[in-house]
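Engineer: For the sequence shown, this note's numbering gives the first residue as 324, with consecutive numbering after it. Shown below is the structure under consideration.
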Amino acid sequence: MEDKKKYYLQLSVVCVGTLLFSYGLAQLTNKYFHTNHFWVATLFFALTTVGTNALLTNSDKTSKEFVFKTLALSMARLLVCMIVVFIYSLIFKNQALAFTCHFMIHYLIFTVFEISFLLKYIKGTS
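The structure is reproduced here in structure tokens:
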């Protein structure tokens, strides 16, 4: 139970940090970062990270199934990310580049967070 509290606290810190970082970038007046929807990426990745965590930590981490689930969820997340960016670019053509840049930054930050958590999770009780 203590590990879950620590995880959600760390996730909250990452979410607030990326949201503030994204807000700061959105205030720049260049075509690469100026967008009104900077918060969408934080919300998307916070939800997908919680969902991935819930799916992966409820199974046996020593089996081959855990590795398969991890890879499958990573691929599914990447596919959903591409779909979200594509749909956004169709709806808001003038801010598509800036949104994509924000989305890529969030993807990298949340992927590093998720991988570091999974490595700690695997080493923690094995």
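Beta carbons: idealized from backbone N, C-alpha and C, even for Gly.
1. Please state whether the Cβ-Cβ distance between A364 and H429 is less than 8 Å.
2. Give the DSSP-derived three-state secondary structure of Y355 in the structure shown.
3. Answer yes or no: do L351 and H357 have a C-beta to C-beta separation smaller than 8 Å?
4. If we count the other Cβ atoms within 10 Å of its Cβ and call it buried at 16 or more, is S449 buried or exposed?
5. With a cut-off of 8 Å on the beta carbons, I'd call T375 and E437 a contact; round off their distance for me.
6. If we require 4 or more residues per run, which alpha helix (DSSP H) segments fall completely within the segment 380-423?
7. Checking 8 Å against the spacing of the C-beta atoms, do V337 and I432 come in under that value?
8. Give the C-beta separation of K354 and A421 to the nearest angstrom, bearing in mind that I take them to be a contact with Cβ-Cβ under 8 Å.
9. Using alpha carbons as the reference points, say which of Y411, S386 and V435 lies closest to I445.
10. Take F426 and list the residues in its own chain whose beta-carbon comes closer than 6 Å to its own, dropping the five residues that flank it on each side.
11. Taking the continuous alpha helix (DSSP H) assigned at Q333, which residues delimit it?
Structural biologist: Considering the structure as presented:
1. yes
2. coil
3. yes
4. Any reading at S449 needs caution, since the residue's pLDDT is 48, under 50, leaving its predicted position unreliable; the model's value is listed next. The residue is exposed, with fewer than 16 neighbouring Cβ atoms inside 10 Å.
5. 6 Å
6. 387-414
7. yes
8. 7 Å
9. S386
10. A364 and V408
11. E325 to A349
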